[in-house]
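Working notes for the structure below.
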Amino acid sequence: MTRLRAALAAASVLLLAACGSGQGSSDASDKGPTSVKVDVIPIIDVAPVYLGNQKGFFAEQQLKLQMVTAQGGAAIVPAVVSGQVDFGFSNYTSLIIARSKGLPLKVVAPGAASTGKQRKDFGGVVVKANSPIKTAKDLVGKRVAVNTLNNINDTTVRASIRAAGGDATNVKFTELAFPDMLAALDKGNVDAVQVVEPFLTTGQKNGGRLVASNYVDTAPDLTIAAYFTSQKTASAKPELVKRFTAAMQKSLQYAQAHPDEVRKVLGTYTKIDPSLTGSLILPAYPAQVNAASVQTLADLAVKDGLIKKAPDVQDLLP
Amino acid sequence: MTAAAPLGRRRSLPAWALGLAGLAALMAVVEIAPRAGLVNERFLPPFSRMISSLADQAGTSGFWGALLETLRGWALGLAIAMAAGVALGLVIGAVPLLRSATAGAIEFLRPIPSVALIPLAVLLYGTQMRATLLLVVYASFWQVLVQVLYGVRDVDPVARETARSYRFRPLTRVRTVLWPTALPYVMTGFRLGAAVALILEITGELVIGSPGLGRQIAVAQTSGAVAAMYALVIVVGVMGVAVNTAARATERRVLRWHPSVRGEVPA
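These protein sequence lines map, in sequence, to chains H and R. Using the numbering used here, the first residue of the first sequence is number 1, and each one after it goes up by one. Using the numbering used here, the first residue of the second sequence is number 1, and each one after it goes up by one.
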């Protein structure tokens with residue numbers, strides 16, 4: 001009896017395994033809309049994709065979106081390059097670094113941009129209420145937390161300090177995840193944090209003080225992030241890329257024109273407190289990449305030693 | 001099936017009651033510490049707020065979908081690891097040549113933390129469920145394999161020689177000699193593997209972003225929804241307890257003929 005049961009158990013285990021492998025390989029493409037996998041980080045910046053999908057802008061282009069989420073660009077870039085997903089979302093400095101290292105990436109649409117308004121941008125440097133730091137210049141010699149070292153946030157904070165006339169080489173950057181920053185600031189582990197929404201609003205509601213809008217200080221209407229694909233996908237499926245870009249353009253324009261709907265769609269893919277979404281500062285969702293601002297980011301990447309030689313920015317435009 | 005309480009502890013509370021009391025104390029601490037201002041309640045909300053967030057989430061289909069995804073990934077990963085671990089373990093363990101040939105490789109591969117394989121998993125499978133499945137299978141496979149290898153080594157030489165003298169066919173030998181000896185070890189491997197599989201399932205979802213409760217935790221974290229995040233952590237903790245309880249129950253059932261479970265003096 002025991003033996004029989006053990007045999008049955010073993011058989012069912014094998015069966016389960018068989019089911020599993022069968023399921024995995026059945027990504028059949030139907031005759032209807034093409035299935036497209038988009039890998040994003042579940043943050044405010046990517047709201048236009050969710051909103052556009054809800055509005056049917058992707059269906060119009062015969063695209064069936066399959067959203068995949070990752071914790072950061074570190075997981076998205078390899079997934080796009082290896083063809084696991086069709087499109088990914090990344091900040092521009094990461095794309096510049098990847099490009100300068102020869103990774104075969106192709107930008108297809110802008111993602112999010114700075115609002116361009118001092119103190120009213122979706123990202124900024126926050127200090128404690130009683131901190132002696134008043135301006136970006138006062139950050140010199142201080143410990144500043146950024147979410148990734150040698151990336152867009154520390155280069156733009158340095159740009160902010162330079163713009164305020166400070167010595168940008170003398171700042172101690174510490175790497176911390178956005179969700180951990182306010183706690184670290186509260187405990188005094190760091191003197192300032194570079195945060196984005198929803199932490200920017202949360203931080204200020206709890207007594208934090210905004211000292212710099214680092215994206216605004218870097219370049220006018222800085223394009224911060226973009227959607228990209230691999231060059232392989234771009235050359236193998238140009239039609240698909242064109243349709244995705246068209247749907248994305250429409251989604252971005254719609255999102256830019258309907259901030260209330262953007263705030264509403266946040267509830268579908270983030271867990272941001274609904275009482276908070278009304279007061280968040282949304283990024284701009286431009287339909288065009290600001291090429292001059294990307295050039296600035298590339299120059300900053302070289303200046304701050306992230307890369308040796310800036311890639312041709314033309315290669316990084318949609 | 002209640003084991004006789006050990007002598008000398010007869011007058012104290014039963015173990016489960018003590019366990020519950022400990023749990024209640026923990027809940028009380030998590031409730032009171034933030035309220036008393038010992039920790040900032042922005043970063044560790046009181047227990048009651050976590051539970052109310054849990055209640056909110058329990059009303060959404062997203063939560064149950066994520067729970068199912070996690071359970072599915074865990075069960076599938078564990079099943080594959082068990083099947084592969086038991087099959088390979090029996091083969092490798094039964095053939096001395098194979099055992100010596102693979103010893104080095106196993107000792108090299110086994111200690112590699114699954115988490116270190118995340119970049120490889122993402123390269124191979126993107127951020128899909130299969131990437132996490134790879135981690136789960138890798139981590140729990142070694143738990144099972146090594147136990148099975150020990151189990152096979154434990155076979156009574158007299159029984160083995162007897163089976164050989166009677167010219168049992170290989171399969172009969174596995175069924176009558178190897179398997180009964182190895183089964184307690186297999187079950188230990190199952191129990192260890194079940195726990196490790198859950199850990200890696202959640203880790204994979206959290207880090208890679210494959211669907212499941214781990215991803216929900218990550219989303220709550222990036223959304224600054226602290227209470228929601230802790231609520232999900234509590235769910236994962238409860239899952240861990242459930243998995244362990246179920247694994248122990250299975251072990252007791254499968255091995256009820258075995259002296260270690262029967263609790264009688266072995267012959």
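By construction, the Cβ of each residue, glycine as well, lies at the ideal position given by its N, Cα and C atoms. Just so it is clear, the structure is predicted and the values come from calculations on it, not from any experiment.
Between the alpha carbons of T277 (chain H) and E261 (chain H) lies a distance of about 11 Å.
Distance from the CA atom of A17 (chain R) to the CA atom of L26 (chain R), rounded to whole angstroms, is 14 Å. Measuring C-alpha to C-alpha distances from D191 (chain H) to each of H:F199, H:K101, H:Q249 and H:V126 identifies H:V126 as the nearest. The three-state secondary structure of E41 (chain R), taken from DSSP, is coil. Where D56 (chain R) is concerned, the enclosing alpha helix (DSSP H) starts and stops at F47 to A58.
By the rule that beta-carbons nearer than 8 Å mark a contact, S35 (chain H) does not touch chain R. Considering only beta carbons, the part of the segment 126–144 of chain R lying closer than 9 Å to chain H consists of G126, T127, Q128, M129, R130, A131 and L133, in chain order. Secondary-structure assignment with DSSP links P110 (chain H) through a beta bridge to H:A226. At a cut-off of 4 residues, the continuous stretches assigned as alpha helix (DSSP H) that sit fully inside the segment 150–203 of chain H are 152–163 and 178–187.
Among the residues facing chain H, F168 (chain R) is not included, as its CB has no counterpart in that chain under 8 Å away.
Close partners of R42 (chain R) in chain H (Cβ separation under 9 Å): L182, A183, D186, T202 and N206.
Between L44 (chain R) and the set R:Q221, R:L134 and R:W64, the nearest pair of CA atoms involves R:Q221. Distances from the alpha-carbon of R215 (chain R) to those of R:A249, R:A139 and R:G204 put R:G204 closest. In the DSSP assignment, V46 (chain H) falls outside any alpha helix (DSSP H), carrying neither H nor E. Between I208 (chain R) and chain H, the shortest Cβ-Cβ separation is below 8 Å. Using a Cβ-Cβ distance cut-off of 8 Å, the segment 204–214 of chain H and the segment 113–121 of chain H are in contact, since at least three pairs of beta carbons, one from each stretch, lie closer than that value.
Pairing T127 (chain R) with A225 (chain H) gives a Cβ-Cβ distance that is not under 8 Å. The three-state secondary structure of S223 (chain R), taken from DSSP, is coil.
At least 8 Å separates the beta-carbon of T223 (chain H) from that of P104 (chain H). Only residues of its own chain outside the window of five on either side were considered, and among them K137 have a CB closer than 7 Å to the CB of G165 (chain H), listed in chain order. Any Cβ of chain R closer than 8 Å to the Cβ of D273 (chain H) would place that residue at the interface, and such an atom is present. For G224 (chain R), the chain H residues whose Cβ falls inside 7 Å of its Cβ are P179, P198, F199, T202 and I272, in order along the chain. Spatial neighbours of W74 (chain R) in its own chain (CB-CB distance under 6 Å, excluding positions within 5 residues in sequence) are listed in chain order as A197, L198 and E201.
Chain-order list of chain H residues neighbouring A228 (chain R): K271 and D273, by C-beta distance under 9 Å. Contacts with chain R (Cβ-Cβ distance below 7 Å) from the segment 112–125 of chain H involve no residue at all.
With fewer than 16 other Cβ atoms inside 10 Å of its own Cβ, T268 (chain H) counts as exposed.
Here F108 (chain R) is exposed: its Cβ has fewer than 16 other Cβ atoms, across all protein chains shown, within 10 Å. The beta carbon of I224 (chain H) sits no closer than 8 Å to any beta carbon of chain R.
Residue pairing from DSSP places D39 (chain H) in a beta bridge opposite H:V68 and H:G88. Just measuring C-alpha positions, the residue of H:G116, H:L176, H:I133 and H:N151 sitting nearest A145 (chain H) is H:L176.
By DSSP's assignment, R143 (chain H) forms a beta bridge with H:K172. Per DSSP, the continuous beta strand (DSSP E) segment holding G124 (chain H) begins and ends at G123 to V127.
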